[in-house]
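Reviewing the structure listed below.
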Amino acid sequence: MPNAAYIACILFLPLAGFAVLGLFGRRYLRNFSGIIGTGLVMVSAGLALWLAWQCFFGAGDAALAFRSHSLVVLKANWLSFSPQLSIDISAIIDPISVMMIVVVTLVSLMVHIFSLGYMKGEERFATYYAFLGLFTFSMLGLVLSGNLFETYIFWELVGCSSFLLIGFYYERQTAVAAAKKAFIVTRFADLGFLVGILILSFQAKTLDFKGLAILLGDPHHPQTTFLGISLLSWGLTLVFIGGAGKSAMFPLHIWLPDAMEGPTPVSALIHAATMVVAGVYLVARLFVLYGYDPGVMQIVLYVGAFSALLAAIIACTQTDIKRVLAYSTMSQIGYMMFALGSYGYIASMFHLFTHAFFKALLFLCAGVIIHQVHSNEMKAMGGLRKLMPFTHICFLIACLAISGIPPFSGFFSKEEILLAAFETNKTVYWIGLLTSGLTAFYMFRLYFSIFWNKPSHGHAHKLPLTESAPLFILALGAAFAGFIPFSRLMSPNSAPETGSVFGPMAIAPVTIALAGIGIAAYLYRKESNRPDRVAASFKGFYQFAYHKFYIDEVYSFITKRVIFNLIGKPAAWIDRNIVDGLMNFLAVLTARISAGIKGLQSGKVQDYVLYFFAGIAGLAIIFIYIYT
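With numbering that gives the first Met the number 0 as the guide, the letters of the sequence shown map in order to residues 0 to 627.
Printed below as a string of structure tokens:
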């Protein structure tokens, strides 16, 4: 079983890659930077897989202890505020953290390998791999953290490293704007996260995850209220806001489509299993606490369901291949969120696991396609199945998986989510069912537009092994990961749960998904004016969805017209005229007083003698006045 040194190797090897490549990569290691970064992450991934094997399938008391309760393999006191409250640096090993480090390291490794060929020739090649290492380290630190404040530290480091990766092409104004947008939007959400941490620590007098669950879950623990709502509810809601920002849930989702400005492998890393699932992981990590508050769980439930449906509708209208996949990510994360809100912990984590494979596969395939046609627009594509047979098969597998078609991996996890929703909230179940059909439609709209639709043109490019190998591995995961006995390995309370996909319950989702695929084939398999006629039949609603329901414009109006004009300009006037004016007045007044009295220190002895005797005369007059 793991010890502190073992876990430290998994965590710090990517950081070592960041340090070495960041300091020496561009000057001394340019030709080897990709190999160095990939090698270090490969070792980390290998250790993570061996750790998972030991923990989930190993024998002995240590493995049994892991499966019955979490293990703290590293703990060091950092800051002590009181005998009861301190901030520790710790690493926690339990089923969810082990599953996450496997997902993070595997997807990161696939992206590292894929980028060896895809990013070859980039001027900042070494810097790119340094940023990948920092991002991987940040996510591993986040999932291994044993307390909320440590989680917050790595949470912010994930935001910083994603800013660097999204804005990698800093010479493009769109990339710079996208990086700033992602950073600023998530900072607002993270303010809520930080306040939520402070509230929970005030209430529980601890920041450790286990301590929070034990103390705040105790019905005899005194509960403080604010505005008639318990501090536990306030704290959990604010923490969820932080998670909603990082996972691009409505209304904090506007940064996600613009994050496509980064290199395509970066999109695979951010959207598949790392940054955007951090919010899901956070809620899952505190799932026992959320389970004590049904009101907050309703917020998680409905925000997740609405986000899933909204993103699916928008994805049906987009023409940029990467933006379709971005809104697909938002929709699938919404699925995971409303699964947690439906108390479907196993279902949510299972979908997080399977989603990592087919979404990373979709983005890496998109990168190959974009290199082939030199465009992101679906209209520039068509008939590529003959030119790109291997990419075509991989993309098809991923589309079938995300659409929930058996026996591909997405079918098993998505059915568990719908089953949890059906048993908890019928309205959300129907929303999930509708979203499932829309998912199948927009994914196969994408598939047919890329690989069918038009006659093929151009010449096929031979796919290098560094690109084909990650696609093959991810395709295996997308096809077969659903057969892993996930429900026996994961549990929110360390007790194995039994998950099952009931045959009758699977009929409706699969039927709706097949209908979505059929409609997509009818509209997009061959080039015709059918899509335009259908879009015209929806009239204004199609344009409304195509423009993303003008949510970005609403934010722009609020920031530029309201905040900047009504708050920013008056604040600037006050700062310039009152604050600065007061300081300038004091400075002028001081200068004039100084100019007026500087003659008192003339350096002439006779003047000082005169002042001396004048002072004595003054004191004498005062003395006579008082005592006569």
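Note that the Cβ used here is the ideal one computed from N, Cα and C, for glycine as well.
The three-state reading of DSSP puts D93 in coil, since its state is none of H, G, I, E or B.
Between L206 and L147, the gap from beta carbon to beta carbon is short of 9 Å. Rounded to the nearest angstrom, the Cβ distance from M442 to S330 is 10 Å, too far for a contact under 8 Å. Within the same chain, Cβ atoms closer than 6 Å to the Cβ of L281 are found at G242, the five residues on either side in sequence being excluded. By the Cβ test, the stretch 257-272 is not in contact with the stretch 305-316, since fewer than three Cβ pairs between them sit closer than 8 Å. P250 is the residue among R284, A277 and P250 whose C-alpha sits nearest the C-alpha of F305. Approximately 5 Å separates the beta-carbon atoms of V142 and S96; this is inside 8 Å, confirming the contact.
For V72, the enclosing beta strand (DSSP E) covers residues L70 to S79. Distances from the alpha-carbon of S43 to those of I9, C54 and L20 put I9 closest. The beta carbon of T263 is closer than 8 Å to those of Y117, K321, F362, L363, A365, G366 and I369 in its chain, skipping five residues each way along the sequence.
If you check the CB distance, L300 and M336 come in under 9 Å.
The continuous alpha helix (DSSP H) containing Q202 extends over residues Q172 to A203. In the displayed model, E260 falls within a helix according to three-state DSSP.
With the rule of 3 Cβ pairs closer than 8 Å, the stretch 549-557 does not count as touching the stretch 467-477.
Excluding residues up to 5 positions away in sequence, V142 and Y280 lie with their Cβ nearer than 7 Å to the Cβ of M99 in the same chain. The DSSP assignment places no complete run of the beta strand (DSSP E) inside the stretch 101-182 (cut-off: 3 residues). Under the DSSP definition of a beta bridge, D87 partners with N76. Around the beta-carbon of E415, 16 or more other beta-carbon atoms lie within 10 Å, marking it buried. Positions of the alpha helix (DSSP H) runs, each at least 4 residues long and wholly inside the stretch 355-435, are given as 388-401 and 408-423 in order along the chain. A distance below 7 Å between beta-carbons, with the five flanking residues on each side excluded, links R284 to the following residues of its chain, in chain order: I95 and F208. Under the three-state reduction of DSSP, K559 is assigned to helix. For S79, the number of other beta carbons within 10 angstroms of its own is below 16, and it is reported as exposed.
The shortest CA-to-CA distance from M109 to any of G481, L464, G580 and F611 is the one to L464. Take the alpha-carbon of Q172 and the one of L164: they are about 14 Å apart. Nearest to F357 by alpha-carbon distance, out of I472, L156, G290 and F537, is I472. Straight-line spacing of the CA atoms in L46 and P484 works out to 22 Å.
C-alpha of A359 to C-alpha of F389: approximately 16 Å in a straight line. By the beta-carbon neighbour count (other beta carbons within 10 angstroms, threshold 16), Y151 is buried. One Cα belongs to K413, the other to F286, and the distance between them is close to 20 Å.
For the stretch 272-298, the full-length alpha helix (DSSP H) segments reaching 4 residues or more read 277-284 and 286-290 along the chain.
Straight-line spacing of the CA atoms in H354 and I396 works out to 13 Å. Just so you know, the alpha carbons of H391 and I228 end up roughly 53 Å apart. In the DSSP secondary-structure assignment, N452 is bridged to K525. Taking a C-beta distance under 9 Å as the contact criterion, G195 and L235 qualify as a contact pair. For A613, there are no CB contacts under 7 Å within the same chain when 5 residues up- and downstream are skipped. Excluding residues up to 5 positions away in sequence, V323, Y326, S327, S330 and Y441 lie with their Cβ nearer than 7 Å to the Cβ of A314 in the same chain.
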